[in-house]
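Undergrad: Just so you know, we're using full-length UniProt numbering here: the sequence shown kicks off at 1 and counts up by one.
This is the structure I have questions about; it appears just below.
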Amino acid sequence: MACWIAEHREPTRCRIGRTRACKAEEGRSGSGPPTTSIPAPRQGGGKRMTPRPLERRAIIAALKVRQGAGVPDDVPICSYDFAVKQGVAVRFMPISSMEGIYDRHSKTIVISSLRPWGRRAFTCAHEYGHHVFGHGAHVDELPEERQEPRAPEELLADRFAGFLLMPRLAVLDGFRKRGVDPSRCGPTDAYMIACWLGVSYGAFLTHASLAVGVMPKGVADGLRRVSPKEVKAGLAPGCLGDELIVVDEHWANALDLVVGDIAMLPGGTIVEGAVTETINKTSTATYVRATSRGIGRALLGQWAVSIRVMPAEYTGLARCRHIPEEDNA
Numbered sequence: 001m002a003c004w005i006a007e008h009r010e011p012t013r014c015r016i017g018r019t020r021a022c023k024a025e026e027g028r029s030g031s032g033p034p035t036t037s038i039p040a041p042r043q044g045g046g047k048r049m050t051p052r053p054l055e056r057r058a059i060i061a062a063l064k065v066r067q068g069a070g071v072p073d074d075v076p077i078c079s080y081d082f083a084v085k086q087g088v089a090v091r092f093m094p095i096s097s098m099e100g101i102y103d104r105h106s107k108t109i110v111i112s113s114l115r116p117w118g119r120r121a122f123t124c125a126h127e128y129g130h131h132v133f134g135h136g137a138h139v140d141e142l143p144e145e146r147q148e149p150r151a152p153e154e155l156l157a158d159r160f161a162g163f164l165l166m167p168r169l170a171v172l173d174g175f176r177k178r179g180v181d182p183s184r185c186g187p188t189d190a191y192m193i194a195c196w197l198g199v200s201y202g203a204f205l206t207h208a209s210l211a212v213g214v215m216p217k218g219v220a221d222g223l224r225r226v227s228p229k230e231v232k233a234g235l236a237p238g239c240l241g242d243e244l245i246v247v248d249e250h251w252a253n254a255l256d257l258v259v260g261d262i263a264m265l266p267g268g269t270i271v272e273g274a275v276t277e278t279i280n281k282t283s284t285a286t287y288v289r290a291t292s293r294g295i296g297r298a299l300l301g302q303w304a305v306s307i308r309v310m311p312a313e314y315t316g317l318a319r320c321r322h323i324p325e326e327d328n329a
């Protein structure tokens with residue numbers, strides 16, 4: 001597996017020794033998954049479900065690595081940055097035949113840069129789960145190409161990814177911050193919270209209802225009848241073929257985009273930098289499209305977030321994805 005990764009690497013356009021940002025991030029990286037013990041998951045609102053052994057193991061591991069990394073259970077994370085900081089290399093490659101790869105020998109995760117926004121983040125968390133549990137090399141095929149039932153290791157890594165990206169407290173906080181009752185949640189609210197957590201609309205509905213029991217299953221089933229395409233049509237008419245990330249003033253993490261993605265920002269937001277273009281403004285929203293690799297910023301009053309843009313079909317290290325090529329020369 002390590003040989004396969006080495007053979008398929010791009011020429012070294014991101015020279016770590018000459019990229020200040022890469023140096024800094026590498027210096028902050030850990031040496032492996034944390035091993036500290038954790039208390040039992042804290043109680044929150046909503047109906048609590050009794051986890052099965054596999055789910056219990058995934059919950060404990062996800063909370064443990066968050067605690068070891070000093071990340072509270074009620075905040076979203078960027079799975080790429082999180083894995084890198086724990087000492088795992090993360091690379092993107094435009095491979096159409098798979099979701100992701102984990103190589104235990106080189107402690108490397110490879111993610112297909114051709115997959116959708118939320119799917120890429122979930123795949124990274126899934127592959128990091130293989131690392132945490134000490135699994136061997138794994139190549140995760142596209143769901144539509146699987147011909148056999150998933151192995152227990154794959155199911156465990158999936159559950160881990162869900163709990164790492166969407167701890168119960170984070171899901172509850174996503175509703176609370178926006179004043180949304182999970183039992184009365186609408187498609188737009190669900191889509192917005194999914195974006196905030198960095199996952200797909202479908203993954204959020206499944207996890208919020210079946211894994212953490214915050215959303216009633218009947219409500220989630222009803223929301224699944226409204227497709228993401230339909231939600232986007234209501235939020236950004238005319239942008240149906242584009243990736244749409246909805247951002248509100250509760251965001252604190254950087255907004256990660258790919259060239260061509262559209263971000264729906266709060267109305268009146270000022271966008272700095274040359275990495276996006278404003279394509280529409282209304283009284284309630286500012287729409288921008290990612291246009292070039294680099295880092296920009298969105299500001300509204302006291303609120304601000306960084307905007308990080310990586311190229312479409314990117315090949316290279318995750319920690320260098322948003323650094324302009326001239327800075328890597």
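For every residue, glycine included, the Cβ atom is placed at its ideal position computed from N, Cα and C.
Buried or exposed for ARG184, going by 16 or more other Cβ atoms inside 10 Å?
TA: Indexing the sequence shown from 1 puts residue 184 at position 184. So ARG184 counts as exposed.
Undergrad: Please go through the same chain and pick out, in chain order, the residues whose beta-carbon is closer than 6 Å to the beta-carbon of residue 331, but skip the five residues on each side of it.
TA: Limits of the chain in this structure are 1 at one end and 329 at the other, which puts residue 331 out of reach.
Undergrad: Hey, quick one: how far does the alpha helix (DSSP H) through GLU154 stretch, first residue to last?
TA: Sequence index remark: in the sequence shown, residue 154 carries index 154 (1-based). Where GLU154 is concerned, the enclosing alpha helix (DSSP H) stretches over 152-165.
Undergrad: Hey, quick one: how far does the beta strand (DSSP E) through ILE307 stretch, first residue to last?
TA: Residue mapping note: residue 307 aligns to position 307 of the sequence shown, counting from 1. Run containing ILE307: 303-310, per the beta strand (DSSP E) assignment.
Undergrad: For LEU300, which option in LEU255, GLU249 and VAL258 has the closest C-alpha, if you only look at C-alpha atoms?
TA: What you label residue 300 is simply residue 300 of the sequence shown in a count that begins at 1. Comparing Cα-Cα distances from LEU300 to each of LEU255, GLU249 and VAL258, the minimum goes to GLU249.
Undergrad: Quick one: residues in its chain with C-beta nearer than 7 Å to the C-beta of ALA58, no 5 flanking neighbours on either side, listed in chain order?
TA: The residue given as residue 58 occupies position 58 in the sequence shown. Taken in chain order, the residues that qualify are LEU156, ARG159, PHE160 and PHE163.
Undergrad: Could you give the distance in angstroms between the alpha-carbon of THR278 and the alpha-carbon of GLN67?
TA: Counted from its first residue, the sequence shown places residue 278 at position 278. Counted from its first residue, the sequence shown places residue 67 at position 67. Whole-angstrom Cα-Cα distance: 39 Å.
Undergrad: Do you know how far the Cα of LYS232 is from the Cα of LEU244?
TA: What you label residue 244 is simply residue 244 of the sequence shown in a count that begins at 1. What you label residue 232 is simply residue 232 of the sequence shown in a count that begins at 1. Rounded to whole angstroms, LEU244 to LYS232 spans 7 Å at the Cα level.
Undergrad: Which residues share a DSSP beta bridge with SER79?
TA: In the sequence shown, counting from the first residue as 1, residue 79 sits at position 79. BP columns for SER79 are empty, so no partner.
Undergrad: With 16 other CB atoms within 10 Å as the buried threshold, where does LYS85 fall?
TA: As a working note, residue 85 is residue 85 in the sequence shown. It is buried - the Cβ of LYS85 has at least 16 other Cβ atoms within 10 Å.
Undergrad: Under DSSP, the alpha helix (DSSP H) around ASP74 begins and ends at which residues?
TA: For the purposes of this step, residue 74 is taken as residue 74 along the sequence shown, with counting starting at 1. It is not in any alpha helix (DSSP H) - ASP74 carries neither H nor E in the DSSP assignment.
Undergrad: Would you give the residue range spanned by the beta strand (DSSP E) that VAL246 belongs to?
TA: Locating residue 246 in the sequence shown gives position 246, counting from the first residue. VAL246 -> beta strand (DSSP E) spans 244-246.
Undergrad: At which residues does the beta strand (DSSP E) containing VAL271 begin and terminate?
TA: Here residue 271 refers to the residue found at position 271 of the sequence shown. Residues 270-272.
Undergrad: Measuring straight from C-alpha to C-alpha, what distance separates GLY316 and PHE92?
TA: Position 316 of the sequence shown, counted from the first residue, corresponds to residue 316. Position 92 of the sequence shown, counted from the first residue, corresponds to residue 92. Cα-Cα distance, rounded: 5 Å.
Undergrad: Just verifying my parser: in three-state terms, what is the DSSP assignment at GLU249?
TA: Counting from one through the sequence shown, the residue named residue 249 turns up at place 249. Coil, per DSSP.
Undergrad: Restricting to Cα atoms, I'd like to know which of ILE95, HIS131, TRP117 and SER106 is closest to HIS61.
TA: What you label residue 61 is simply residue 61 of the sequence shown in a count that begins at 1. Before going on, a small fix: residue 61 reads as Ala here, not His. The shortest Cα separation from ALA61 among ILE95, HIS131, TRP117 and SER106 belongs to HIS131.
Undergrad: What do you get for PRO72, buried or exposed, if any count of 16 or more other CB atoms within 10 angstroms of its CB means buried?
TA: Reading the sequence shown from its first residue, position 72 is the one you call residue 72. Per the 10 Å Cβ criterion, exposed.
Undergrad: Buried or exposed: where does GLY134 fall if 16 or more other Cβ atoms within 10 Å of its Cβ makes it buried?
TA: As a first step, residue 134 must be located in the sequence shown, where it is residue number 134. With fewer than 16 other Cβ atoms within 10 Å, it is exposed.
Undergrad: What does the alpha-carbon distance come out to for the pair ALA254 and ASP81?
TA: Residue 254 sits at position 254 when you count from the first residue of the sequence shown. Residue 81 sits at position 81 when you count from the first residue of the sequence shown. Going from the Cα of ALA254 to the Cα of ASP81 covers about 11 Å.
Undergrad: Run through DSSP, which three-state label would ALA69 get?
TA: On the sequence shown, residue 69 is found 69 positions in, with the first residue counted as 1. Note: ALA69 maps to coil in three-state DSSP.
Undergrad: For the pair the region 283-293 and the region 260-268, tell me if three or more CB-CB distances fall below 8 Å.
TA: Output reads yes: the region 260-268 touches the region 283-293.
Undergrad: Where ASP221 and ARG119 are concerned, what is the direct C-alpha to C-alpha distance, given to the nearest angstrom?
TA: For this step, residue 221 is matched to residue 221 along the sequence shown. For this step, residue 119 is matched to residue 119 along the sequence shown. Cα to Cα, ASP221 sits roughly 20 Å from ARG119.
Undergrad: For PRO39, which residues from the same chain have a beta carbon less than 7 Å from its beta carbon, with the 5 sequence-adjacent residues on both sides left out?
TA: As a position in the sequence shown, residue 39 is number 39, starting the count at 1. Low local confidence applies: a pLDDT of 34 at PRO39 is under 50, so the model's placement there is unreliable, with the coordinate-based value given in what follows. The answer is none, since no qualifying residue turns up.
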